[in-house]
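What follows is one structure encoded as structure tokens, with my remarks underneath.
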Amino acid sequence: MRAMTIPEPGGPEALVWAEVPDPEPGPGEVVVDVRASAVNRADLLQRQGFYPPPPGAPAYPGLECSGVVGAVGAGVTGWEVGQEVCALLAGGGYAQRVAVPAGQLLPVPAGVDLVDAAALPEVACTVWSNVVRLARLGRGETLLVHGGGSGIGTFAIQFGAALGATVVVTARAAKHERLRELGAAHTVDYREQDFVEEVRRVTDGRGADVILDIMGASYLARNVAALADGGRLVVIGMQGGRKAELDLSALLAKRASVAATALRSRPLDDKAEIVRGVREQVWPLVESGVVRPVVDRRLPMTDAAQAHRLVESSDHLGKVLLTLG
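This is how it looks when you write it as structure tokens:
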């Protein structure tokens, strides 16, 4: 088969479409014939040499895919050759085929195009595991989402609104109208406005109950300042750096908490549990049309370098998909 390899770390031009060995399904695995994958920030970091795949994962980028089951390994039940699926991956989505632990497979939701389904697994699992399982967002609470125009952001807006939360997002001003259409109650232009002041203003001084943060160090102090009493900050990205000083007295005063999580490196049984939660609690919202994949554009997988440049620019809204066939 062919896959997008990275012979040497570097810029988008480091991605090379090359012939590689075909995957074989091990016990408990399914091989998916890929129809589409999606570009995530982690793929850019892997290309640059900063985020190697976990042990045993394919060397190629791609943390999610959609396609058709092509082979089923020993001990797998509930999945059949020819079935349309999407999958959460530890790597390998930028390829014609990929072997996936059966616990990380999801059926394509009713009403969703097979290619567009590639936009769902990573964002759905990330948002559900952090916003619901970890931070316990409740109806009537306020959710602050940073990077509202990203794949994570556009999904979190819809999902948070579906849970009955008031969603506040930070994003470039040009994206605000579309984000309000997705369910954001309030939008903040992070280039011109102080999100701490804006969150306090729209919550009558109370602050955000849950913050989903992709920035990390550069936002840490302001995120804590923006939390309500009993608030929960969940850091899922480090676009703003890795190290910052945390004022514990501010956390203590608010009885607040800070957590940091990653999805890719979790054990298989934990990923399978998250996927089950997504299938039970998120997929019905997708199938009813309350939550939908937001796709900026589709590009051929051989144009992955162009897709990486687009995501690096942050000019997109939602997911950028890479397609085969």
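Under full-length UniProt numbering, think of the first position of the sequence shown as 1, with each following residue one higher. From the three backbone atoms N, C-alpha and C, an ideal C-beta is built for every residue, glycine too. Small disclaimer: the values here were computed from a predicted structure and weren't measured.
Secondary structure at Pro55: coil, using DSSP grouped into helix, strand and coil. Here the segment 126-137 makes no contact with the segment 94-101; the two share fewer than three CB pairs at distances below 8 Å. For Ala161, no beta strand (DSSP E) encloses it; the enclosing alpha helix (DSSP H) starts and ends at Gly151 to Ala162. DSSP places His308 inside the alpha helix (DSSP H), whose first and last residues are Ala304 to Ser313. Assigned with DSSP and collapsed to three states, Arg266 falls in coil, not helix or strand. The residues Thr187, in chain order, have a CB closer than 6 Å to that of His176 in the same chain once the five nearest residues on each side in sequence are set aside.
Relative to the Cα of Glu198, the nearest Cα in the group Val168, Asp213 and Ala184 belongs to Val168. Counting other Cβ atoms within 10 Å of its Cβ, Lys271 reaches 16 or more and is therefore classed as buried. Scanning its chain for C-beta atoms nearer than 7 Å, with the 5 sequence neighbours on each side dropped, one finds around Pro23 the residues Val31, Arg97, Val98 and Ala99, in chain order.
Closest option to Ile152, judged by alpha-carbon separation, among Gly325, Arg279, Ala307 and Pro293: Pro293. Excluding residues up to 5 positions away in sequence, Asp209, Lys254, Arg255 and Ala256 lie with their Cβ nearer than 8 Å to the Cβ of Gly230 in the same chain.
Per DSSP, Ile214 has no beta-bridge partner at all. Bridge pairing for Ser66: Ala36 and Cys86 [DSSP]. As the crow flies, the alpha-carbon of Gly149 is around 7 Å from that of Leu179. For Glu19, no alpha helix (DSSP H) segment is defined; the enclosing uninterrupted segment is the beta strand (DSSP E) at Val16 to Glu19. Within the segment 220-277, the complete beta strand (DSSP E) runs of at least 3 residues fall at 227-235 and 257-260. Listed as beta-bridge partners of Asp189 by DSSP are Ala171. Arg200: member of the alpha helix (DSSP H) spanning Phe195 to Val202, first to last residue. Cβ-Cβ distances below 7 Å link Met215 to His146, Gly237, Gln239 and Gly240 in the same chain, with the five nearest sequence neighbours on each side left out; the list follows chain order. In the structure shown, the three-state DSSP call for Ala3 is strand. Per the coordinates, the alpha-carbon of Arg200 lies some 12 Å from the alpha-carbon of Val224. The three-state secondary structure of Arg206, taken from DSSP, is coil.
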